[in-house]
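S.K.: So in numbering that gives the first Met the number 0, spot 147 of the sequence shown is number 146, and the numbers just go up one at a time.
For every residue, glycine included, the Cβ atom is placed at its ideal position computed from N, Cα and C.
Fair warning: this is a prediction, and the values are worked out from it, not measured in the lab.
Okay, here's the structure, questions in a sec.
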Amino acid sequence: MYRADLHVHTTASDGLLAPSEVVEWAAKKEVDAVAITDHDSVSGIDEAIEAGRRLGVCVIPGIEFSCTYRDEEIHILGYFIDHKSRCLNDKLKELAKSRESRGLRIIEKLLESNIEISYEEVKAESKGGSVGRPHIARILVKKGIASSVEEAFRQYLVKGKLGYVDREKITVSEAADLIHGAGGVVVMAHPGIVKNQNYPKEILRYDIDGIEVIHSAHDEDTTCRYEKLASSLGMAKTAGSDCHGNMIEGKPIIGDFSIGKSDVEILVAIHKKHKKSADECTESEVNS
Ligand code: AMP
Ligand code: ZN
Ligand code: FE
Ligand code: FE
Numbered sequence: 000m001y002r003a004d005l006h007v008h009t010t011a012s013d014g015l016l017a018p019s020e021v022v023e024w025a026a027k028k029e030v031d032a033v034a035i036t037d038h039d040s041v042s043g044i045d046e047a048i049e050a051g052r053r054l055g056v057c058v059i060p061g062i063e064f065s066c067t068y069r070d071e072e073i074h075i076l077g078y079f080i081d082h083k084s085r086c087l088n089d090k091l092k093e094l095a096k097s098r099e100s101r102g103l104r105i106i107e108k109l110l111e112s113n114i115e116i117s118y119e120e121v122k123a124e125s126k127g128g129s130v131g132r133p134h135i136a137r138i139l140v141k142k143g144i145a146s147s148v149e150e151a152f153r154q155y156l157v158k159g160k161l162g163y164v165d166r167e168k169i170t171v172s173e174a175a176d177l178i179h180g181a182g183g184v185v186v187m188a189h190p191g192i193v194k195n196q197n198y199p200k201e202i203l204r205y206d207i208d209g210i211e212v213i214h215s216a217h218d219e220d221t222t223c224r225y226e227k228l229a230s231s232l233g234m235a236k237t238a239g240s241d242c243h244g245n246m247i248e249g250k251p252i253i254g255d256f257s258i259g260k261s262d263v264e265i266l267v268a269i270h271k272k273h274k275k276s277a278d279e280c281t282e283s284e285v286n287s
């Protein structure tokens, strides 16, 4: 049966597997299509597409933006984006810079409490990808300062703890505009893990095309609720493992949360519509 996993991270952000390794695992697990959705980054996509061609896996170029909405961080997914889009890449450069400076600030704050980790260690852990708190958490674990990544977050890296530093994030509507501008499809990620469950409905009033109904952190009831909501709003439904490369019984969870071909085809149709308007927009910019 056709399976598409539309939410996977690589070393281009905080995943543990290189883009080509993600695709190799998808092939091994007989997953037909996989979307590469790194946090605020598209730098893993070319390598994944190349591996996909070699191994017969369809690689969908994607992204996962971290956005601010009221008092929470909301994640917005983009699919079938033109990952070479100038406008998109200009914004991603800005976001990468702010991630770098936040990383430095976290290290300074930890040092103030005599917890010594260096920026070089964090950079090495991020393997050239966008720098995130999970990289700092892994260093804290490697140095024996925390017993696990979760514990490192809990003790040091979440709001209210000594190593917490906020960073520049875009709004949900900015993320939707950037994705649509790059011809992509806009999907609200894992609505079930948003703390304030009134927010998803508010957010879906923005220019959003679909809902990630099936997700590794959604239980059956949550999936059912959001499936009904997507149907009632006439929105596309997606599914994703949100795999970060951790191994369970020797395998990553790539493909364990998936949708079928007809749902992917709905996304393709939406993409074609947006691509047309994105192309017209670029043409008018060029001609003006
Ligand atoms: P950042 O984008 O650098 O602020 O890091 C956020 C990422 O860290 C999220 O997308 C998750 O992948 C991961 N994360 C957030 N909170 C936790 C937590 N409590 N335990 C483990 N990982 C977390
Ligand atoms: Zn992540
Ligand atoms: Fe997310
Ligand atoms: Fe994710």
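Tell me whether Glu63 counts as near ligand 4, meaning its Cβ is closer than 8 Å to at least one heavy atom of that ligand.
M.R.: Indexing the sequence shown from 1 puts residue 63 at position 64. Glu63 Cβ: within cutoff of ligand 4.
S.K.: Taking C-beta to C-beta, are Ser42 and Gly128 nearer than 9 Å?
M.R.: The residue you call residue 42 lines up with position 43 of the sequence shown. The residue you call residue 128 lines up with position 129 of the sequence shown. Yes, the pair counts as a contact, with Cβ atoms nearer than the cut-off.
S.K.: Looking at Gly128 and ligand 5, is the gap between the Cβ and the nearest heavy atom below 8 Å?
M.R.: Here the bound small molecules are ligand 1, ligand 2, ligand 3 and ligand 4; ligand 5 is not part of this structure.
S.K.: Put Pro190 into one of helix, strand or coil per three-state DSSP.
M.R.: Taking the first residue of the sequence shown as position 1, residue 190 is located at position 191. Note: Pro190 maps to helix in three-state DSSP.
S.K.: From what residue to what residue does the beta strand (DSSP E) around Pro60 run?
M.R.: As a first step, residue 60 must be located in the sequence shown, where it is residue number 61. Run containing Pro60: Cys57 to Tyr68, per the beta strand (DSSP E) assignment.
S.K.: Report the partner residues of Cys242 according to the DSSP bridge assignment.
M.R.: Locating residue 242 in the sequence shown gives position 243, where the first residue counts as 1. Answer by DSSP bridge pairing, in chain order: Val7.
S.K.: To the nearest angstrom, how far is it from the Cα of Leu156 to the Cα of Glu279?
M.R.: Residue mapping note: residue 156 aligns to position 157 of the sequence shown, counting from 1. Residue mapping note: residue 279 aligns to position 280 of the sequence shown, counting from 1. Distance between the alpha carbons of Leu156 and Glu279: 44 Å.
S.K.: Would you say Ile75 faces chain C, with C-beta separation under 9 Å as the test?
M.R.: Judged by its chain identifiers, the structure shown contains no chain C, having just a single protein chain.
S.K.: Can you tell me the Cβ-Cβ gap for Tyr118 and Tyr198, rounded? I've got them flagged as a contact below 8 Å.
M.R.: As a working mapping, residue 118 is identified with position 119 in the sequence shown. As a working mapping, residue 198 is identified with position 199 in the sequence shown. Their Cβ separation, rounded to whole angstroms, is 34 Å, which puts Tyr118 and Tyr198 out of contact at 8 Å.
S.K.: Quick check: what's the CA-CA separation for Ile253 versus Glu173?
M.R.: Stepping through the sequence shown from its first residue, residue 253 is reached at position 254. Stepping through the sequence shown from its first residue, residue 173 is reached at position 174. Roughly 29 Å separates the two Cα atoms.
S.K.: Can you look up Lys236 in the DSSP assignment and give me helix, strand or coil?
M.R.: If you number the sequence shown from 1, residue 236 lands on position 237. Reduced to three states, the DSSP call for Lys236 is strand.
S.K.: Look at the Cβ atom of Ala17, then the Cβ atom of Ser257, and state whether they are nearer than 9 Å.
M.R.: What you label residue 17 is simply residue 18 of the sequence shown in a count that begins at 1. What you label residue 257 is simply residue 258 of the sequence shown in a count that begins at 1. In this structure, Ser257 does not lie closer than 9 Å to Ala17 by Cβ.
S.K.: Within the continuous alpha helix (DSSP H) that includes Tyr118, where are the two ends?
M.R.: Translated into the one-based positions of the sequence shown, residue 118 becomes position 119. Here the alpha helix (DSSP H) through Tyr118 covers Tyr118 to Ser125.
S.K.: Compare the beta carbon distance of Ala181 and Ile80 with 9 Å and say whether it is the shorter of the two.
M.R.: Within the sequence shown, the letter at position 182 stands for residue 181. Within the sequence shown, the letter at position 81 stands for residue 80. Yes, these two residues count as a Cβ contact at 9 Å.
S.K.: Buried or exposed, going by whether 16 or more other CB atoms sit within 10 Å of the CB of Glu124?
M.R.: Working through the sequence shown from its first residue, we reach residue 124 at position 125. It counts as buried.
S.K.: By Cβ distance below 7 Å, which residues in the same chain neighbour Val171 in space, the five residues on each side in sequence not counted?
M.R.: Here residue 171 corresponds to residue number 172 of the sequence shown, with the count starting at 1. Taken in chain order, the residues that qualify are Cys66, Tyr68, Ile73, Ile75, Ile202 and Tyr205.
S.K.: Does the distance from the C-beta atom of Ala188 to that of His6 stay below 9 Å?
M.R.: Taking the sequence shown and counting its residues from 1, the one referred to as residue 188 is at position 189. Taking the sequence shown and counting its residues from 1, the one referred to as residue 6 is at position 7. Cβ distance < 9 Å, so Ala188 and His6 count as in contact.
S.K.: Can you list, in chain order, the residues of its chain with a C-beta nearer than 8 Å to that of Ile114? Leave out the 5 residues immediately preceding and following it.
M.R.: Your numbering for residue 114 matches position 115 in the sequence shown. Once the five neighbours on either side are set aside, the close Cβ partners of Ile114 are Leu139, Ile144, Tyr155 and Gly162.
S.K.: Can you check which of these residues, Met234, Val193, Gly131 and Lys200, is closest to Ser40 by C-alpha distance?
M.R.: Sequence index remark: in the sequence shown, residue 40 carries index 41 (1-based). When each option's Cα is compared against that of Ser40, the closest is Gly131.
S.K.: Going by beta-carbon coordinates alone, are Lys90 and Leu15 separated by less than 9 Å?
M.R.: Sequence index remark: in the sequence shown, residue 90 carries index 91 (1-based). Sequence index remark: in the sequence shown, residue 15 carries index 16 (1-based). Not closer than 9 Å, so no.
S.K.: With H, G and I counted as helix, E and B as strand and the rest as coil, what does DSSP make of Glu29?
M.R.: Residue 29 sits at position 30 when you count from the first residue of the sequence shown. The answer is coil: DSSP assigns Glu29 none of H, G, I, E or B.
S.K.: Between the segment 82-101 and the segment 219-229, can you find at least three pairs of beta-carbon atoms closer than 8 Å?
M.R.: Touching, no.
S.K.: Between Ala188 and ligand 3, is there a pair consisting of the residue's CB and a ligand heavy atom that are separated by less than 8 Å?
M.R.: Here residue 188 refers to the residue found at position 189 when the sequence shown is read from its first residue. Checking the Cβ of Ala188 against ligand 3 gives yes.
S.K.: Cutting at 6 Å between CB atoms, please list the residues of its own chain near Ser12, excluding the five before and the five after it.
M.R.: As a first step, residue 12 is located in the sequence shown; it is residue number 13 there, counting from the start. These residues qualify, in order along the chain: Asp37, His38, Ser40, Gly128 and Ser129.
S.K.: Could you tell me whether the Cβ atoms of Ala95 and Gly55 are closer together than 9 Å?
M.R.: On the sequence shown, position 96 is the one that residue 95 refers to. On the sequence shown, position 56 is the one that residue 55 refers to. It is not a contact, given that the beta carbons lie outside the stated cut-off.
S.K.: From this set, Glu29, Cys57 and Ala50, which residue's C-alpha is nearest Glu264's C-alpha?
M.R.: As a working mapping, residue 264 is identified with position 265 in the sequence shown. Checked all of Glu29, Cys57 and Ala50; the closest Cα to Glu264 is Cys57.
S.K.: Quick one: does the C-beta of His214 sit closer than 8 Å to a heavy atom of ligand 2?
M.R.: The residue you call residue 214 lines up with position 215 of the sequence shown. Every heavy atom of ligand 2 is 8 Å or more from the Cβ of His214, so no.
S.K.: So for Glu248, helix, strand or coil by DSSP?
M.R.: In the sequence shown, residue 248 corresponds to position 249, counting from 1. Three-state result, Glu248: coil.
S.K.: Give the secondary structure of Ala229 by DSSP, where H, G and I count as helix, E and B as strand, and everything else as coil.
M.R.: Counted from its first residue, the sequence shown places residue 229 at position 230. Residue state, collapsed to three classes: helix.
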